[in-house]
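Structure first, then comments.
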Amino acid sequence: MSDATGRTGFRVTHTKAVGERRAIVHEMMRELDPKAVEYWARENTNIVVEDEVLDRAFVNDGTGKFVRATSMQEVIDYGQARVDRLSSPLREDKPDKNGKMRGGTVTTSMFVAHLPKSMCKEVPDFYGKGRSRWIARDRNEAQKYFVDVVRFLGNNVIPGGFDGILGFDIQHSETTPHIQLLADTFAADPKHEGQLRPEWSRAYAAHRDVKGEDGKMLTGRQKLERYQDDLKAYMVERGWPVEREVDPLRHDKSETKAVYGALRDEHRQLATAREELISDGEDLEREEYRVNLARKEVEKERRTAREEGHREGYERGRAEAERFQQAAREHALRAQAVAQEAGQHLANVRASRPLSGEQARTFFMDGVRVLADTLVKGVNDPAVKALIEAKREAYLTFAKSPGFGEQMKSMTTYKDPVRERDLKRHEHRQRRVEHNVRDVVANLAPSDGQDTEREGDGYSL
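Mapping to the working numbering: the sequence shown position 116 is 100, numbers consecutive.
Structural data, given as structure tokens:
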């Protein structure tokens, strides 16, 4: 296994427009269409085109099984068949007192989960400028891991269970192996046999029927945190090499052990933060691509409305354009939120400081004592105990010597430039991403209703 930390988790985003599923599937299952591969390779430089053949697309066959998809349309058709079974029509957004569009039915969820680094091997500097690529050590094992992710989401998160999963794609052609899963928010309607009803708020937001142990309604954030914790526990139980990420300050029996744990983990902090930033950046870029695709759909609908040139065409074109505009705006705002979150994370990393010389000395000595005490308790041989005690004294003597300080200084001298270089590179990338997202948000700002022009018997949007 890799020495990299094995972490598990997922990211989920939601959308209201059923029509937006086509854009999602176009990116998610691009390997099914050479033209889609060509398009997305231009949009996303992380894609390794020659590895697209390793990606695997699956669709729900309607009988509780997932089979290899042969076309993107299969996923769209299965999803539409479930929309047709709704016991009541989907609600459209309506402006509230502040003019914001609210109240529409959330119809679709998009999940992304990455393969733990402990199951990957690193390809250093694959993308240049120090950017590594991570590939699966064993693609068969990776597929089994992702199947467990699907199993967990279907059993514990998605309202409609496995029936609510429209399809998923296991991808090995980008920076890190990952799975993308498309699901709806519908579940069986207990009042109408054979029909469905939306259950988004019950699963992902506050709902009066879902309460915690204190009797209070669980918030959406609390539900998501519970899902993430349950996924980690499930993956550990299944035997996958992932960390529970237990807080040592809460769960260790002594403060000394916590101090030693902090010393042991400190050298991994920057590397872990760097990988998290890269992962956040990839998810953010994926949101940007979909925003751009949605914007193109908006422009297409506007042109269609202008060309039709009559009232009926105008009404239909305006409704479709507004729907795509709203969907694109929601994606842009989500991308902006992700950018802000990544920026805050980067600021926290920038603000963190390495251990001082005296802190390092104290932590090292405490760690030596804890380790020696633990080893002594586990052996009965007097000779081995004497050897452990001798090593303890030798290390403690070294820690008190000037040589320890010199060694810590040399390590800091080596690590600081590397840390600074990585931070500057991520700050540059963060500024570029935030600039792009601001442009998208500005271009998608709601109109004031004064930008329509009459053209013959129709209207120009």
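Even glycine gets a Cβ: it sits at the ideal position worked out from N, Cα and C. Fair warning: this is a prediction, and the values are worked out from it, not measured in the lab.
- Each residue's CA atom was taken as its position, placing L166 and G151 some 6 Å apart.
- Taken in chain order, the complete alpha helix (DSSP H) segments of 4 or more residues contained in the region 93 to 151 are 123 to 140.
- Residue environment for G46: exposed (fewer than 16 other C-beta atoms within 10 angstroms of its C-beta).
- Cβ neighbours of L16 within its own chain (closer than 8 Å, five residues either side excluded): A41, A53, T54, S55, M56.
- When V322, R376, A383 are compared, the shortest CA-CA separation from Q414 is found for V322.
- Taking 8 Å as the cut-off, the Cβ atoms of G204 and A189 count as close.
- Counting of Cβ neighbours within 10 angstroms places L99 among the buried residues, the total reaching 16 or more.
- The shortest C-alpha to C-alpha distance from R210 to any of L137, G144, T169, E183 is the one to L137.
- Non-local beta-carbon contacts of V51 in its own chain, meaning distances under 8 Å to residues more than five positions away in sequence, involve F42, V43, D45 in chain order.
- Secondary structure at Q414: helix, using DSSP grouped into helix, strand and coil.
- Each of G178, P174, P18, N140 was checked against the Cα of V67, and the nearest Cα belongs to G178.
- With contacts defined as CB atoms closer than 8 Å, R26 and A20 fail to qualify as a contacting pair.
- Here S72 is exposed. Its C-beta has fewer than 16 other C-beta atoms within 10 Å.
- Under the rule that a run must span 3 or more residues, the beta strand (DSSP E) segments found entirely inside the region 15 to 79 read 40 to 44, 50 to 52.
- Judged by their CB atoms, V32 and S157 are nearer to each other than the 8 Å cut-off.
- When DSSP states are grouped into helix, strand and coil, M392 belongs to the helix group.
- For I154, the pairing in a beta bridge is given by DSSP as R40, I163.
- Counting C-beta atoms within 10 angstroms of its own C-beta, H412 has fewer than 16 neighbours from the protein chains shown and is therefore classed as exposed.
- Buried is the label assigned to H410, since at least 16 other Cβ atoms lie within 10 Å of its Cβ.
- Per DSSP, the unbroken alpha helix (DSSP H) holding F347 starts and ends at 341 to 361.
- In this chain, the beta strand (DSSP E) harbouring P182 covers 180 to 182.
- Look at the beta carbons and you see the region 96 to 115 not touching the region 167 to 174: under three pairs across the two are nearer than 8 Å.
- By the Cβ rule, the region 117 to 127 does not count as touching the region 140 to 149, because fewer than three pairs are nearer than 8 Å.
- According to the DSSP assignment, T381 belongs to the alpha helix (DSSP H) that extends over 366 to 384.
- Scanning its chain for C-beta atoms nearer than 8 Å, with the 5 sequence neighbours on each side dropped, one finds around F382 the residues F388, in chain order.
- Here T91 carries a coil assignment [DSSP, helix/strand/coil].
- Boundaries of the alpha helix (DSSP H) around H10: 5 to 12.
- If you check the CB distance, A1 and A311 come in under 8 Å.
- For T(-1) against E404, the beta-carbon gap comes to about 39 Å, at or over 8 Å, which does not count as contact.
- Sequence-distant Cβ neighbours of V9 in its own chain, meaning closer than 6 Å and more than five residues away, are M56, V59.
- Looking at the DSSP output, F170 sits in a beta bridge with P182.
- R135 has its alpha-carbon roughly 40 Å from the corresponding atom of T358.
- Assigned with DSSP and collapsed to three states, K195 falls in strand.
- Each residue's CA atom was taken as its position, placing I119 and F110 some 11 Å apart.
- Our two residues, L215 and L371, have alpha carbons roughly 43 Å apart in a direct line.
- A straight line joining the alpha-carbon of D153 with that of V37 spans about 12 Å.
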